[in-house]
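Have a look at the structure below before the remarks.
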Amino acid sequence: MSRRPRLWIDVVRWLAAPAFAILVSFRIDLRSLGERLAHLDARFVALFLVLSVPFYLLCAWRWHFTAARLGAPLPFRRAWLDYYLSTLLNQIMPVGVAGDVVRAARHRQSLAGDRERASWRPPASAVILERFSGVVALAFFVVASGAIWFAREGRASLLLGAATLPALALLVMLGWRLARRSPRLARIALDVRGALVERGALRFQLSVSIAAVTTLLAMFACAGYAAGIAMSPSAVVQVVPLVLAVTTFPWAFAGLGPREAVTAGLFALMGLTAEGGVAVSITFGALSLVAAAPGAIVLLLPRREPA
């Protein structure tokens with residue numbers, strides 16, 4: 040990619056947060072928003088933080104498994120601790136993938152004793168494929184969310200949405216054929232097969248990733264209850280996957296701004312207040328930052344794994 044397109048991408052990434060924040064501020068009742076945020080329910084705040092523990096354990100387990108399948112073993116304890124650090128950095132750094140780069144680098148350093156494994160490729164592939172596994176699981180929830188939305192709009196929209204599934208399958212097949220013709224892509228395809236598909240990997244990845252996304256949905260619901268917004272299970276499935284899908288893009292500061300705009304819009308479409316959606320989104324973002332705070336302590340811990 041040339042410097043000019045990359046520069047424009049960086050500009051958009053930086054301006055997205057203030058632009059969406061300004062846009063949302065003109066569409067909501069700021070006083071009502073402030074009142075909601077000032078009176079969070081401590082019970083659901085605590086439940087959110089409790090649920091974050093199994094979420095990080097599941098993500099670390101997925102990374103630990105993926106790295107092992109790529110021939111770059113990563114102790115589970117190290118994966119768990121570094122996942123906290125990675126998530127914290129992703130939320131506070133202006134580039135949404137800074138934490139992933141750091142955990143790949145720390146994984147590579149832990150393999151430095153083995154020259155063959157000290158290259159960037161296995162640690163970087165482990166991070167990329169681990170994240171990809173989560174995106175695939177999220178896609179299932181996005182499809183479920185889309186089905187609910189389409190059902191609200193009518194049968195024609197439902198059929199149109201269902202037509203996207205074979206289209207996605209066709210794209211996957213075309214990508215697989217291209218991968219077989221390119222040596223570099225063939226190597227990536229080999230990693231995908233080993234880490235995500237073969238020898239029980241597919242069952243493991245889907246199970247763990249779906250459990251992780253389900254936990255995230257429950258955490259978002261807790262953020263809603265904490266802000267005084269009761270969300271039914273149907274509403275959670277209808278809204279949250281789309282909000283999480285927006286945050287998968289490498290926005291600055293973990294999608295702050297775009298996340299609130301999307302949540303406000305979805306809440307409005309459901310007949311709820313836009314400021315309620317913004318309150319839930321801000322609460323979710325703030326509590327996610329608190330949940331990732333132990334990552335700061337990771338930097339103070341010794342790097343060497345116990346025998």
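Counted from 1, the sequence shown has number 214 at position 175 by my numbering; the numbering is strictly sequential.
A virtual CB, placed ideally from N, CA and C, is assigned to each residue, including glycine.
Note that the structure is a prediction, hence the values are computed from the model and not measured.
Taking the straight line between their C-alpha atoms, what separation do you get for residue i and residue j?
i	j	result
Leu235	Gln244	6 Å
Ala313	Glu299	9 Å
Val282	Thr105	26 Å
Leu256	Leu113	28 Å
Val247	Thr253	10 Å
Arg82	Tyr264	9 Å
Gly310	Ser184	16 Å
Val174	Arg116	24 Å
Ala107	Ile249	20 Å
Glu237	Arg142	25 Å
Phe306	Leu340	42 Å
Gly304	Val275	15 Å
Pro133	Ala77	27 Å
Ala240	Leu229	13 Å
Arg170	Val301	22 Å
Val140	Thr286	17 Å
Phe179	Gln148	35 Å
Arg242	Ser320	32 Å
Return the first residue and the last residue of the alpha helix (DSSP H) that residue i is part of.
i	result
Trp100	81-108
Trp119	115-131
Arg298	297-308
Gly267	Careful: Gly267 lies outside any alpha helix (DSSP H) and carries neither H nor E.
Phe323	313-331
Val134	That residue, Val134, is in no alpha helix (DSSP H); it is neither H nor E in DSSP.
Val337	334-337
For the candidate residues the options, whose alpha-carbon lies nearest to that of residue i?
i	options	result
Val89	Ala111, Ile321, Ala262, Gly138	Ala262
Ala190	Arg232, Val285, Ser273	Ser273
Arg232	Val285, Ser172, Ser184, Ala284	Ser172
Ala331	Trp159, Arg242, Ile131	Ile131
Phe288	Gly185, Val136, Thr126	Val136
Phe94	Leu109, Thr126, Ala143	Thr126
Ala85	Ala260, Phe306, Gly310	Ala260
Ser158	Ala144, Leu339, Arg170	Ala144
His146	Leu109, Gly304, Asp230, Pro133	Leu109
Ile227	Val134, Gly304, Ala163	Ala163
Which whole-angstrom value is the C-beta distance of residue i and residue j, which I expect to be below 8 Å?
i	j	result
Ser91	Met258	7 Å
Leu177	Pro297	Not confirmed; about 16 Å, so no contact.
Trp100	Ala165	Actually they are not in contact, since the Cβ atoms of Trp100 and Ala165 sit about 13 Å apart, beyond 8 Å.
Thr322	Leu79	6 Å
Pro161	Ala111	4 Å
Val181	Ala251	Not confirmed; about 15 Å, so no contact.
Can a CB atom of chain D be found closer than 7 Å to the CB of residue i?
i	result
Val252	You won't find chain D in this structure, because it holds only one protein chain.
CB residue i to CB residue j, shorter than 7 Å?
i	j	result
Gly138	Leu128	yes
Pro333	Tyr122	no
Ile167	Gln277	no
Val337	Leu120	yes
Ala335	Ala266	no
Phe87	Leu326	yes
Ile268	Gly315	yes
Mind checking whether the beta-carbon of residue i lies closer than 6 Å to any heavy atom of the ligand GTP?
i	result
Ala269	For the structure depicted, the ligand GTP is absent and the ligand set is empty, with no information on it obtainable.
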